[in-house]
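Numbering (our numbering), first residue to last: 21 to 208. A virtual CB, placed ideally from N, CA and C, is assigned to each residue, including glycine.
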Amino acid sequence: RTTVNQDAKIKVGKKAVELISNGDVIAIDVGTTMLEFAQCIENKKDITILTNSLPVSSVLTELLNQNKFTGQILLLGGQIDPKHQSICGGLTEQMLNQFNIDKAFISAGGVSIQSGVSNYHLRETLVSRKMVEVSKQVILLTDYSKIGVDTFCKVCPLEKVDVIVCEQPFPEEWRNDSKLEEVNWIQA
21 RTTVNQDAKI
31 KVGKKAVELI
41 SNGDVIAIDV
51 GTTMLEFAQC
61 IENKKDITIL
71 TNSLPVSSVL
81 TELLNQNKFT
91 GQILLLGGQI
101 DPKHQSICGG
111 LTEQMLNQFN
121 IDKAFISAGG
131 VSIQSGVSNY
141 HLRETLVSRK
151 MVEVSKQVIL
161 LTDYSKIGVD
171 TFCKVCPLEK
181 VDVIVCEQPF
191 PEEWRNDSKL
201 EEVNWIQA
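See below:
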């Protein structure tokens with residue numbers, strides 16, 4: 021999956037890093053787009069990053085050791101899913117309740133007007149839902165192949181998303197939908 025639409029994911033990741041401010045507390049969920057995003061984080065000061073992704077935490081640890089940014093990384097606790105290299109479950113969700121998070125950077129398996137943001141894996145979706153719930157701002161990172169797609173589990177309606185970062189322009193067929201009036205679409 022890391023090679024599918026990789027160029028688009030890199031563009032999205034680079035653009036999304038511009039949305040991190042010095043001093044931010046951010047949450048990053050799982051997925052290959054999140055991994056590309058994490059690899060782009062640099063020149064940020066005193067940021068705190070919470071994640072339930074083992075690959076993302078590994079990349080961030082290396083970047084922190086290279087002084088690419090300053091701050092701290094919190095790997096959320098819970099049950100490890102070895103196939104998806106994520107941490108999920110009730111403990112993970114309870115941990116998220118303990119923090120004041122400025123921005124949640126979430127991924128998607130699909131994004132549609134009818135169903136909103138959706139994903140394939142139930143346990144990971146529940147953690148992403150909690151990130152959305154406890155964060156002041158929700159930023160969705162997606163490549164265009166996921167637009168108009170519905171997947172198994174609903175993460176949140178589009179009204180809960182503040183910003184969508186995508187490598188393509190805003191879909192014409194979405195132009196007149198009132199659910200999207202408050203969503204800031206940023207083309208990478």
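Inset, instruction - Would you mind stating whether Leu-146 and Cys-186 have Cβ atoms separated by less than 8 Å? - result: no
Inset, instruction - Indicate the three-state DSSP secondary structure (helix, strand or coil) for Ile-30 in the structure shown. - result: helix
Inset, instruction - State whether the region 75-95 contacts the region 147-156, with contact taken as three or more CB pairs (one from each stretch) at a distance under 8 Å. - result: No: the two stretches stay apart, fewer than three of their Cβ pairs being nearer than 8 Å.
Inset, instruction - Might you give, ordered along the chain, the residues of its own chain that have their beta carbon closer than 7 Å to the beta carbon of Arg-21, omitting 5 neighbours on each side? - result: Low local confidence applies: a pLDDT of 49 at Arg-21 is under 50, so the model's placement there is unreliable, and no value is given.
Legend entry - Residue span of the beta strand (DSSP E) that contains Phe-125, given as start and end: That run of the beta strand (DSSP E) goes 121-126.
Legend entry - Proximity winner among Asn-87, Lys-103, Met-115 and Gly-110, relative to Leu-94 (alpha-carbon distances): Met-115
Legend entry - Minimum C-alpha distance to Ser-198 - residue among Ile-121, Val-183, Ala-58 and Glu-179: Glu-179
Legend entry - Secondary structure of Ala-58, DSSP reduced to three states: Ala-58 falls in the helix class under three-state DSSP.
Inset, instruction - Select from Val-203, Arg-195, Val-45 and Ile-206 the residue whose C-alpha is nearest the C-alpha of Gln-118. - result: If we check each option's Cα against that of Gln-118, Val-45 comes out closest.
Legend entry - CB of Val-203 within 8 Å of CB of Val-181, strictly: Going by C-beta atoms, Val-203 is nearer than 8 Å to Val-181.
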